[in-house]
Amino acid sequence: MSRKCLISAGQLFSLLLVSSLIIMVTTNSTWTGGGDFLDNIISCAIAFAVNFIAVIPLGLLYRRKPTMNILDHGYHLTGWFGAVIALFYGLYFITIDCYYLSVFQVFNANMIEPEMPSWLIVIAVLVVAVYAAWKGVESISRTSVFILVMLLIGFLFILVTSIPQVKSENFKPLLYNGWDQTIQSTMLFLGRSTGLATLAILLPATKGNKKIGFTVWNVVTYLLMSIIMVIMVGVLGNAIQTQMFPIYTLAAISGIGPFQRMDSIFLGIWLMGVFIKIAIDLYLFGSCMQRVFHIKRGGFFIIGGAIAVGLISVLITKSVALQHLFFDVYLLAPLTLFASFVIPLILLLIDTIKCKNKTIRRMEETLEVQHENSALD
3 MSRKCLISAG QLFSLLLVSS LIIMVTTNST WTGGGDFLDN IISCAIAFAV
53 NFIAVIPLGL LYRRKPTMNI LDHGYHLTGW FGAVIALFYG LYFITIDCYY
103 LSVFQVFNAN MIEPEMPSWL IVIAVLVVAV YAAWKGVESI SRTSVFILVM
153 LLIGFLFILV TSIPQVKSEN FKPLLYNGWD QTIQSTMLFL GRSTGLATLA
203 ILLPATKGNK KIGFTVWNVV TYLLMSIIMV IMVGVLGNAI QTQMFPIYTL
253 AAISGIGPFQ RMDSIFLGIW LMGVFIKIAI DLYLFGSCMQ RVFHIKRGGF
303 FIIGGAIAVG LISVLITKSV ALQHLFFDVY LLAPLTLFAS FVIPLILLLI
353 DTIKCKNKTI RRMEETLEVQ HENSALD
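When we follow the working numbering, the leftmost residue of the sequence shown carries the number 3, and every step to the right adds one.
What follows is the structure in structure tokens.
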């Protein structure tokens, strides 16, 4: 089975960096389980290490059959159950998009324009994302490279203009109140680490040095997260516990000379990140549905997925109960762990067992032939 390389490793990991970085730094004391934000640096280090462990089953599957993605492995190794695996991944990407878009709507309603109807933002984002997904992964990945440059410049500008406001007295000892917050924030970061599931499908369609790309993606993501956490604590101090979106507050009060209130830059960064994330996930959802229903094009599923994301995300923002459900780290983290690690591990074990059985059968056949030949002699 051959698979055409559609994107470069640089484009793939630029896409993953853009789509993951913004949601990683958009957090608060409620989601992380406490106001000791410096402890989140330890969580970043743990999540960084776990990502390198979690990718091992996927990497071994790819090494054995470089032309097959996780959906191909599902059908090849489990037969009809491969459709269930493809359906799970498709629904997983839709669930993650609902999470991203609902967080953005909560952010807009509380920090930007409370009077603006949430469905206007949803329609605007989804229309552009559907168009990008319809054009394909090549277009999305090329766009992500340009957006990544703007995103890094924007973050750099916010951080540089915030450094003069850092106060040393705002820093507390690490783990001052124990490990509870560190554990929850680690679960939060791992739950938001959806890039491995994206890799599981796009890796065979990527050319270039994927190991370097994977390393750079993780190093930049978690290093930048840690730097942002340190500066947020240094600038905001204890007030960080009262902020719904501390990173936005940091952007709003940062400034140097004529450049004041960098919140508009952060809003632009947020919009670019959520657009890329939803676009690539809708594309992947369409690809999964193609495999489930054995059709050549998944365009109509892209539109259907976008409608589902729009409706569900609006419902989430209108319902406190749904927010508690979708924003719970103990829902998101197991789903991401299952998509990123458990399924590849199970498929790797099945493949290993089948390979061993084939080897045993070949040895038995060889011995049988040798026995027959010796009997004839």
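Just so you know, even glycine gets a beta-carbon here, dropped at the ideal spot from N, CA and C.
Please read all numbers here as calculations on a predicted model, not as lab measurements.
Contact between V276 and V127 holds, since their C-beta atoms are separated by about 6 Å, short of 8 Å. Between the alpha carbons of L150 and K360 lies a distance of about 46 Å. Taken through DSSP and simplified to helix, strand or coil, I352 comes out as helix. The Cβ neighbour count for D182, taken over all protein chains shown within 10 Å, is under 16; the residue is labelled exposed. Here I9 carries a strand assignment [DSSP, helix/strand/coil].
Excluding residues up to 5 positions away in sequence, V139, E140 and A207 lie with their Cβ nearer than 7 Å to the Cβ of L8 in the same chain. When the beta-carbon positions are compared, S45 and I160 stay at least 8 Å from each other.
The segment 276-293 makes contact with the segment 71-85; the number of CB pairs closer than 8 Å reaches 3 or more. A check of alpha carbon separations from Y101 across I314, F343 and V218 identifies I314 as the nearest. In this structure, I96 lies near F287, with their beta-carbon atoms less than 8 Å apart. Annotated three-state conformation of T200 is helix, per DSSP. P68 and V344 have their C-alpha atoms some 20 Å from each other. Residue pairing from DSSP places K209 in a beta bridge opposite S10. In this structure, DSSP gives S120 a helical state, which the three-state scheme calls helix. CA-to-CA, the gap between I233 and S10 works out to about 34 Å. Distance from the Cα of K174 is smallest, within the candidate group I355, A51 and D38, for D38. For A310, the enclosing alpha helix (DSSP H) covers residues G301 to K320. Within the segment 131-192, the runs of alpha helix (DSSP H) that reach at least 4 residues and sit entirely inside it are, in chain order, 139-164. D74: member of the alpha helix (DSSP H) spanning I72 to T80, first to last residue. Within the same chain, S315, I318 and T319 come within 6 Å of S104 by CB-CB distance, once the 5 residues on both sides are set aside. Each of L14, V27, W33 and L269 was checked against the Cα of I185, and the nearest Cα belongs to W33. Judged by their CB atoms, I249 and F268 are nearer to each other than the 8 Å cut-off.
When the beta-carbon positions are compared, D99 and D283 come within less than 8 Å of each other.
In this structure, DSSP gives L40 a state outside helix and strand, which the three-state scheme calls coil. In its chain, beyond the 5 residues on either side, A281, L284, Y285 and I304 have a beta carbon closer than 6 Å to the beta carbon of A135.
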